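Peer 1:
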Amino acid sequence: MPAEALVEQHSELIVKNGTNFMVNFNMKKAEAMKIHRVWFDETNIYLVLDSGHIIGNPLAWFKRLENATSEQLLRFELGPLGDSIHWEELDEYLSLESFFDFKRELNYAKI
Numbered sequence: 301m302p303a304e305a306l307v308e309q310h311s312e313l314i315v316k317n318g319t320n321f322m323v324n325f326n327m328k329k330a331e332a333m334k335i336h337r338v339w340f341d342e343t344n345i346y347l348v349l350d351s352g353h354i355i356g357n358p359l360a361w362f363k364r365l366e367n368a369t370s371e372q373l374l375r376f377e378l379g380p381l382g383d384s385i386h387w388e389e390l391d392e393y394l395s396l397e398s399f400f401d402f403k404r405e406l407n408y409a410k411i
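Following our numbering, the numbering of the sequence shown begins with 301 at its first residue and continues without gaps.
1) Is it right to say K363 is buried, meaning 16 or more other beta carbons lie within 10 angstroms of its own, or is it exposed?
2) Rounded to the nearest angstrom, what separates T369 and H336 at their Cα positions?
3) Check L390 in the structure and name its three-state DSSP category.
4) Between the Cα of H381 and the Cα atoms of N367, W339, V348, L396, which residue gives the shortest distance?
5) According to DSSP, simplified to helix, strand and coil, what is L378?
6) Can you list, in chain order, the residues of its chain whose CB lies under 8 Å from that of Q372, leaving out five sequence neighbours each side?
7) Alpha carbon to alpha carbon, how far is G356 from L347?
8) Could you say which of E392, L374, A332 lies nearest to F342 if we only look at CA atoms?
9) Put F325 into one of helix, strand or coil per three-state DSSP.
10) From E366 to I345, what does the alpha carbon distance come to, in whole angstroms?
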């Protein structure tokens, strides 16, 4: 099943519109997970983890990504350990851990 279809099927695991739906998710599990796939829609970045979990955050949480073109967003590299994403052209680095930084959500809500 394509990852995009899993978003519809498992939306409780997805962050949409700045609201976290990380139901029954254990952070210790997250530390051992690796990024398997990355994709974008108009307003969000999504990660498929090797565990099968799908997580996402609004691009607005990451100003350099929010202001990037679609082509720039697609020019990323996964870190050698599978726990980070790097956009050299945008000078942006995101760790998998940053996707669980819910303080960003609070800041986003203040915008």
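We put the beta carbon where it would ideally sit given N, CA and C, even for glycine.
Remember, predicted model here, so these are calculated numbers, not experimental data.
Peer 2: Once the coordinates are examined:
1) Classification of K363: exposed, given that the 10 Å Cβ count is below 16.
2) 23 Å
3) coil
4) For the record, residue 381 in the displayed sequence is Leu; it is not His. Ranking the options by Cα distance to L381, first place goes to L396.
5) strand
6) W387, E389, L390
7) 6 Å
8) In the sequence on display, residue 342 carries Glu and not Phe. Checked all of E392, L374, A332; the closest Cα to E342 is L374.
9) Bear in mind that the predicted position of F325 carries a pLDDT of just 49, short of 50, making it too unreliable to give a figure here.
10) 10 Å
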